[in-house]
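Residues in the sequence shown are numbered consecutively from 24, following this note's numbering. To start, the structure under review is shown below, and the notes come after it.
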Amino acid sequence: MITVLSGGTGTPKLLRGLRRLVPDPDLAVVVNTAEDCWLYGNHVSPDIDTVLYLFAGLLDHGTWWGIRGDTFVTHEMARQLGVDAFLRVGDRDRAVHIRRAELLREGRTLTGATAALAAVLGVQAQVLPMTDAPYATYVRTPEGLLHFQEYWVRHRGTLPVAEVVRLPPGSPAATGAVIDAIRGAEAVVIGPSNPVTSIAPILECRGVVEALREAFVVAVSPFIGTEPISGPAGPLMAAAGQEPSSLGTYRLYAEFVDRFVQDVRDPVEVPGAVRTDTLMVDEERSEALARVVLDLAHRR
Ligand code: GDP
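Structure below.
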């Protein structure tokens, strides 16, 4: 089994390639839940949704969120009615949020609710929330302490960020399924996701780093130079006191990473890193990068 730590954009692009080489049942994905929120009475788990839709063949590969061909009738009507609908949610996507909320209100854990949704959607990979406890990313801005979704979607990431905070304070426990997936893996892959908002929350879950120290870990950088390929990783790395680059990313993973992969064009040197094309602009490039990662795992 290959176990992958994932956020909602960069790593799913790598998963698109990995699943062309590894059968879905042999893949386990530990997914960040620190961007989750209750919204419009429903439970939104953006990174879990993206990973579920990817494996279900439903994902919109243009945006890397939501369901391909979805409609937005409810969203438009809600706005007309005066709902503060800052997050654009498609109709079919919303149905998943409704069902997840229903399962959670019935007392299921997020792991249980995700497994139930995965089964209905025909997902054969294991999709594992990092924790069943609430644990969310907030950023301190001149507008106050904002949930990551407020900062990134409502304010379009335009506000200066002084600090990245996780709430509630204290580390949540990783689920048993997550620890088993890391311990039982032939290799663990940390995909090119935002180190501060996607990977760090997973690493902060109790038990994860200890398990990773025992595992063979391959990590892929989401940076070329001081710019991420997309998203707010640059300012958020700086706000978290880390250098926004492959080197800063490597330092976050240094204590457990065995192989580090960075882009051939990256001017920032990470000693001992494997260089390849990491820009996954299409499925073929995702597969090519996945092949490099698997090759490193097999030549461990
Ligand atoms: P989020 O949950 O939507 O924030 O998504 P992730 O954290 O999973 O992914 C965001 C990160 O993916 C950003 O830091 C990007 O730099 C990185 N990323 C996006 N596309 C690519 C790509 O093609 N190659 C690499 N190496 N990184 C990418």
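We put the beta carbon where it would ideally sit given N, CA and C, even for glycine. Computed from a prediction, not measured in an experiment: that's the story for all the values here.
{"Asked": "Close-in-space but distant-in-sequence residues of the same chain around Val11 (CB under 8 Å, 5 per side omitted)", "Found": "A query on residue 11 cannot be resolved here, the shown segment of the chain reaching from 24 to 323 and no further."}
{"Asked": "Distance, Arg308 Cα to Thr129 Cα", "Found": "First, the amino acid is wrong: residue 129 is Glu here, not Thr. Each residue's Cα considered, the two are about 42 Å apart."}
{"Asked": "Within 9 Å, strictly: CB atoms of Thr26 and Ala51", "Found": "yes"}
{"Asked": "Cross-strand partners of Asp286 (DSSP beta bridge)", "Found": "Thr299"}
{"Asked": "Same chain, Cβ closer than 7 Å to Pro157, five either side skipped, listed in chain order", "Found": "Pro191"}
{"Asked": "According to DSSP, residues forming a beta bridge with Thr164", "Found": "Gly167"}
{"Asked": "For Val316, the nearest candidate out of Glu233, Lys36, Val287, Arg282 (CA to CA)", "Found": "Arg282"}
{"Asked": "Backbone secondary structure at Arg43 - three-state DSSP", "Found": "coil"}
{"Asked": "Beta-carbon proximity list for Leu182, same chain, < 7 Å, skipping 5 on both sides", "Found": "Thr164, Pro165, Glu166, Tyr174"}
{"Asked": "Identity of the residue in Val67, Gly105, Thr97, Arg323 nearest Thr137 by Cα", "Found": "Val67"}
{"Asked": "Residues near Arg288 by beta carbon distance below 6 Å, same chain, minus five either side", "Found": "Ile247"}
{"Asked": "Ligand 1 heavy atom lying under 8 Å from the CB of Gly31", "Found": "yes"}
{"Asked": "Check: Leu302 C-beta below 8 Å from any heavy atom of ligand 1", "Found": "yes"}
{"Asked": "Three-state class that DSSP yields for Ile205 in the structure shown", "Found": "helix"}
{"Asked": "For Ala197, three-class secondary structure by DSSP", "Found": "strand"}
{"Asked": "Per DSSP, cross-strand counterpart(s) of Asp75", "Found": "In the sequence under discussion, the amino acid at residue 75 is Leu, which differs from the Asp named in the question. Answer is none; Leu75 lacks a bridge partner."}
{"Asked": "Stretch pair the stretch 108-124 + the stretch 88-97: three plus CB contacts closer than 8 Å", "Found": "yes"}
{"Asked": "Assigned exposure category for Gly199 - 16 Cβ within 10 Å defines buried", "Found": "exposed"}
{"Asked": "Range of the contiguous alpha helix (DSSP H) that encloses Gln103", "Found": "96-103"}
{"Asked": "Beta-carbon proximity of Leu151 to Thr132, cut-off 9 Å", "Found": "no"}
{"Asked": "Presumed contact (8 Å Cβ cut-off) between Arg236 and Pro195, rounded CB distance", "Found": "Contact doesn't hold; Cβ gap of about 19 Å is too wide."}
{"Asked": "Helix, strand or coil at Ile222 [DSSP, three-state]", "Found": "helix"}
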